Every structure is written in C-alpha cells, then in structure tokens.
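The listed protein sequences derive, respectively, from chains A and B.
Heads up, the first sequence stops at 116 in this note's numbering, and the numbers go up one at a time, no gaps.
Heads up, the second sequence stops at 109 in this note's numbering, and the numbers go up one at a time, no gaps.
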Amino acid sequence: GAVVSQHPSWVICKSGTSVKIECRSLDFQATTMFWYRQFPKQSLMLMATSNEGSKATYEQGVEKDKFLINHASLTLSTLTVTSAHPEDSSFYICSAPGLAGFNEQFFGPGTRLTVL
Amino acid sequence: RKEVEQDPGPFNVPEGATVAFNCTYSNSASQSFFWYRQDCRKEPKLLMSVYSSGNEDGRFTAQLNRASQYISLLIRDSKLSDSATYLCVVTRGYQKVTFGTGTKLQVIP
C-alpha cells in the first residue's frame, strides 16, 4: 500500500529554536496533506491542511506564523515549528489521502517533539 | 460538548471475551465514519469504515446509528494483539475531520 514517511521521528530542541518536520508520500503524489498534533492522552487534532501550490489552511486556534507549512512538491510537505516552547512538545503526524478521499488516508509514523 | 465523544476506558477484558465500544457525535451533518486503531506512540491505522447497514470484518463489527448519532465497534473473541487504543473518526466534507479521544483496550491473558 501507499507509504508516507516523516523525518525526523523524534527531536529534542531548546526553547526558542525552530524545528522542521518533513512529510513525504513515497510512491504516490499528494496535492493535499494534513498535519495533526496529539498531546498525551488526547485525540489527534487537525492543525492545518497543506495544499501543493497554494497557502495552507489552518484550523481555528492554530497560529499560522508559528506553524509554517510549505508544500513544496507533490510528494513533500514541511511543518516548521518556529520559536518552539515547551508547550509545543507533542506528537506531530501528517497524513495524505488516497484516491478514495479520507477513507484512504495514509498516516506518517509521526514525529515526537520535545522542547526543553 | 465535544464533537466526538468516546469512553476513554481502559477496558480490561480477558482473552476470548467480546467487547463493545460506543462513540457519539454531535453534528448531524457528519458524513463519514471510521474506526482507527492506534498503538502506543504509533500512527493511527484504519480498522474499518462504518456504514448504516453495518459492516463486518472477521471478528470486528461496526455499526452506525444516524438517528441517535452514535457508532459502535464490537470485537469478538478478543486477542492479546487487539490491545490498543481505538479511535472513532467522523468527517464532514473532505477536510473537516474530527478524531475522538480514543478508547483504550487491554486484553488480559
């Protein structure tokens, strides 16, 4: 089946630094990718929808200037957490839909971010 | 009220038992429904879609009740490998996706 990769799988950084997370669709093209965040014992929360060739769409309450999304190609979307703070520590997961829409959603393995 | 609600559990059941999870959703305009499975610190994986007519996949049966706005998942003959968190997912349109907080299942030998 289709595969979505994420890099890095985990990252630890100091407060105030920026962290970039990559999401790649390995054997299919994805004009749309989704970015989720999951805090411990909480549900996945959709942060934003990444659109190839246009601006990302952010969910209410998600700061677009803090979470920069770039959908550089049909197989790559990046999420940059700028000026990270400890409260940004979370599990970030991307996904890409297949031809059947959400019913065929392929999730990346996730990136665990810890901000000290 | 949360848009999608699940009993967080944990549900501790012995091997071979039958266990059922419910999930309620608040928006009547919701269109598609899914059950996902998430193992600890891993990404969610689609378990099955949920239809009004009900659907079955081996030991797993999912049901949708639109009138009462809830979906259910039944697991028969539980295996140790079924231990995971089960996420209820409701979508409204292509991009409006809401995950439940998940129900944790622990199958005990």
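Glycine residues also receive a C-beta, built at the ideal position from the N, C-alpha and C atoms.
As the structure is a prediction and not an experimental result, all values here were calculated from the model.
Which chain B residues are close to Pro109 (chain A), counting only those with a beta carbon under 8 Å from its beta carbon? Position 109 of the first sequence, counted from the start, is the residue given in the question as residue 109 (chain A). Near Pro109 (chain A) (Cβ distances below 8 Å), the residues of chain B are Lys42, Glu43.
According to DSSP, is Asp57 (chain B) helix, strand or coil? Your numbering for residue 57 (chain B) matches position 57 in the second sequence. Correct three-state label for Asp57 (chain B): strand.
Could you give the first and the last residue of the continuous beta strand (DSSP E) run that contains Ile22 (chain A)? Looking up residue 22 (chain A) in the first sequence gives position 22. Correcting the residue identity first, residue 22 (chain A) is Glu in this sequence and not Ile. Segment 19-25, the beta strand (DSSP E) holding Glu22 (chain A).
CB contact check: Phe11 (chain B) to chain A, cutoff 9 Å: Position 11 of the second sequence holds residue 11 (chain B). Closer than 9 Å: no.
If you check the beta carbons only, do Ser78 (chain B) and Val107 (chain B) fall under 9 Å apart? The residue given as residue 78 (chain B) occupies position 78 in the second sequence. The residue given as residue 107 (chain B) occupies position 107 in the second sequence. Contact: yes.
Local conformation of Leu44 (chain A) per DSSP, three classes: For the purposes of this step, residue 44 (chain A) is identified with residue 44 of the first sequence, where counting begins at 1. Correct three-state label for Leu44 (chain A): coil.
Please list the residues of the segment 36-66 of chain B that have a C-beta atom closer than 8 Å to any C-beta atom in chain A, keeping them in chain order. Arg41, Lys42, Glu43, Pro44, Lys45, Leu46, Ser49
Can you tell which of A:Lys66, A:Thr78, A:Ser89 has its C-alpha closest to the C-alpha of Ser25 (chain A)? As a working note, residue 25 (chain A) is residue 25 in the first sequence. For the residues A:Lys66, A:Thr78, A:Ser89, the minimum Cα distance to Ser25 (chain A) belongs to A:Thr78.
Span separating the alpha-carbon of Asn55 (chain B) from that of Thr17 (chain A): For the purposes of this step, residue 55 (chain B) is taken as residue 55 along the second sequence, with counting starting at 1. For the purposes of this step, residue 17 (chain A) is taken as residue 17 along the first sequence, with counting starting at 1. Taking the straight line from one Cα to the other gives about 48 Å.
is_contact[Phe99 (chain B), chain A] using C-beta, thresh 9 Å: Against the second sequence, residue 99 (chain B) aligns to sequence position 99. Yes, its Cβ sits closer than 9 Å to a Cβ of chain A.
How far does the beta strand (DSSP E) with Ser15 (chain A) in it reach, from first residue to last? Within the first sequence, the letter at position 15 stands for residue 15 (chain A). No beta strand (DSSP E) holds Ser15 (chain A); DSSP gives it neither H nor E.
Note down, in chain order, each residue of its chain lying with its Cβ closer than 8 Å to the Cβ of Asn51 (chain A), except the 5 sequence neighbours on either side. As a first step, residue 51 (chain A) is located in the first sequence; it is residue number 51 there, counting from the start. Hits under 8 Å: Thr31, Thr32, Thr57, His71.
Say whether chain A places a C-beta atom closer than 9 Å to the C-beta of Pro8 (chain B). For the purposes of this step, residue 8 (chain B) is taken as residue 8 along the second sequence, with counting starting at 1. Yes, contact with chain A.
Nearest by alpha-carbon distance to Gln6 (chain B): which of B:Leu73, B:Ser83, B:Lys96, B:Arg92 is it? Stepping through the second sequence from its first residue, residue 6 (chain B) is reached at position 6. For Gln6 (chain B), the nearest C-alpha among the options comes from B:Leu73.
Residues of chain B with CB closer than 7 Å to the CB of Ile93 (chain A), please, in chain order. As a first step, residue 93 (chain A) must be located in the first sequence, where it is residue number 93. Going along chain B in sequence order, the residues near Ile93 (chain A) (Cβ under 7 Å) are Glu43.
Gly102 (chain B) touches chain A at which residues, Cβ-Cβ below 8 Å? Taking the second sequence and counting its residues from 1, the one referred to as residue 102 (chain B) is at position 102. Residues of chain A passing the Cβ test: Ser43.
State the Cα-Cα distance for the pair Trp10 (chain A) and Ala20 (chain B), rounded to the nearest angstrom. Here residue 10 (chain A) refers to the residue found at position 10 of the first sequence. Here residue 20 (chain B) refers to the residue found at position 20 of the second sequence. Going from the Cα of Trp10 (chain A) to the Cα of Ala20 (chain B) covers about 34 Å.
Please determine, among A:Thr82, A:Thr49, A:Leu76, A:Lys55, the residue with the shortest C-alpha to C-alpha distance to Asp65 (chain A). The count along the first sequence starts at 1 and reaches residue 65 (chain A) at position 65. Measuring from the Cα of Asp65 (chain A), the nearest candidate turns out to be A:Thr82.
Option in B:Tyr36, B:Glu15, B:Asn22, B:Gly58 with minimal Cα separation from Leu87 (chain B): Reading the second sequence from its first residue, position 87 is the one you call residue 87 (chain B). If we check each option's Cα against that of Leu87 (chain B), B:Tyr36 comes out closest.
Nonlocal neighbours in the same chain, by C-beta distance under 8 Å from Gln31 (chain B), ignoring five residues either side: Residue mapping note: residue 31 (chain B) aligns to position 31 of the second sequence, counting from 1. Here the set comprises Thr91, Arg92, Gly93.
Within the same chain, show all residues whose beta-carbon is closer than 7 Å to that of Ile21 (chain A), passing over the 5 residues directly before and after it, in chain order. Looking up residue 21 (chain A) in the first sequence gives position 21. Around Ile21 (chain A): Gln6, Thr78, Leu79, Tyr92, Thr111.
Indicate whether Ile71 (chain B) and Gln63 (chain B) have their beta-carbon atoms separated by less than 9 Å. Translated into the one-based positions of the second sequence, residue 71 (chain B) becomes position 71. Translated into the one-based positions of the second sequence, residue 63 (chain B) becomes position 63. Yes; because the gap between Cβ atoms is below 9 Å, this pair is in contact.
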